[in-house]
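Below is one structure; the comments refer to it alone.
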Amino acid sequence: MLVILNLDSPSFHPFEINKELFEDCKKFFHVFSFDFECVSIGKFSEVINFGYPYFRRISGGGLVFHGPHRDISMAFSFFSRSINIREIFSQIYLKLLNFIRLNLGFKCSIRDDGIYSNGDKIFGMAAARKKNFFLIEGCILAGSNDVKRNIIKKEFMCFQNFGVEIKNFYDISYNLLKFLKENFVEI
Numbered sequence: 001m002l003v004i005l006n007l008d009s010p011s012f013h014p015f016e017i018n019k020e021l022f023e024d025c026k027k028f029f030h031v032f033s034f035d036f037e038c039v040s041i042g043k044f045s046e047v048i049n050f051g052y053p054y055f056r057r058i059s060g061g062g063l064v065f066h067g068p069h070r071d072i073s074m075a076f077s078f079f080s081r082s083i084n085i086r087e088i089f090s091q092i093y094l095k096l097l098n099f100i101r102l103n104l105g106f107k108c109s110i111r112d113d114g115i116y117s118n119g120d121k122i123f124g125m126a127a128a129r130k131k132n133f134f135l136i137e138g139c140i141l142a143g144s145n146d147v148k149r150n151i152i153k154k155e156f157m158c159f160q161n162f163g164v165e166i167k168n169f170y171d172i173s174y175n176l177l178k179f180l181k182e183n184f185v186e187i
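Numbering (this note's numbering), first residue to last: 1 to 187.
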């Protein structure tokens, strides 16, 4: 099992790592962030030139805005006999809800497409699958900075804005990696 912490990346290399490990069916935990404003786009979402560097993820989902210390991204892979992705997502959301409450102090709840606090989506995830091998990629934002980026159709958006700066960014990132290792060895 590989464990990777890659904070403040100056490139899209973290997503390339996820893709390569997934394609090789390697189990891993990966917590990462970027030191520049950029966008990751889900595998099936429409790509539009909107003025930020972008990268297409191997997982599904919509558009996610990333920025220095404004989000913490994560990925992990696992084998599962379950073919019900909703059931898998539900288990992950329940566990991450508790992590977010404890580490960020948010009052939050689960909806169909993520975890929300005060009406803002603060966690979302997407998956890729290869037979019984799964990749989960997700992102935690520390809430809204009220800068709405209306640059793409709403149905393709995971988040509509960049998040605000996360206090204790490095501690929370490390805690997330530890949490993933403790809670998601088997799903």
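C-beta: ideal position from N, C-alpha, C; glycine also.
Nothing here was measured: the structure is a model prediction, and the numbers come from that model.
Helix, strand or coil for residue i? Go by DSSP, reduced to three states.
i, result
"residue 40", "strand"
"residue 50", "coil"
"residue 58", "coil"
"residue 23", "helix"
"residue 166", "coil"
"residue 16", "helix"
"residue 45", "coil"
Alpha carbon to alpha carbon, how far is residue j from residue i? Give it in angstroms, no decimals.
i, j, result
"residue 188", "residue 33", "Nothing can be reported for residue 188, as the shown portion of the chain is limited to 1 through 187."
"residue 40", "residue 14", "11 Å"
"residue 100", "residue 12", "25 Å"
"residue 36", "residue 29", "23 Å"
"residue 124", "residue 140", "7 Å"
"residue 69", "residue 180", "19 Å"
"residue 80", "residue 44", "23 Å"
"residue 31", "residue 104", "16 Å"
"residue 136", "residue 77", "6 Å"
"residue 205", "residue 127", "No answer is possible for residue 205: the residues shown for the chain start at 1 and end at 187."
"residue 55", "residue 4", "20 Å"
"residue 117", "residue 173", "19 Å"
"residue 120", "residue 25", "34 Å"
"residue 102", "residue 42", "29 Å"
"residue 113", "residue 59", "15 Å"
"residue 183", "residue 92", "9 Å"
Could you pull the start and end residues of the alpha helix (DSSP H) that residue i belongs to?
i, result
"residue 173", "169 to 183"
"residue 69", "Neither: residue 69 is in no alpha helix (DSSP H) and is coded neither H nor E."
"residue 110", "Per DSSP, residue 110 belongs to no alpha helix (DSSP H); it is in the beta strand (DSSP E), 109 to 111."
"residue 89", "85 to 104"
Buried or exposed for residue i, please, with buried defined as at least 16 other CB atoms from any protein chain shown within 10 angstroms of its CB.
i, result
"residue 22", "buried"
"residue 94", "exposed"
"residue 1", "exposed"
"residue 86", "exposed"
"residue 90", "exposed"
"residue 157", "Because residue 157 sits at a pLDDT of 45, beneath the cut-off of 50, its placement in the model cannot be relied upon, and the point is left open."
"residue 185", "exposed"
"residue 98", "exposed"
Go to residue i, then tell me how far its beta strand (DSSP E) extends in each direction, as first and last residue.
i, result
"residue 121", "120 to 130"
"residue 4", "2 to 9"
"residue 32", "28 to 34"
### Message
Taking 8 Å as the cut-off, does the stretch 45 to 53 touch the stretch 108 to 125 (at least 3 CB pairs, one atom from each stretch)?
### Response
At 8 Å Cβ cutoff, the stretches do not touch.
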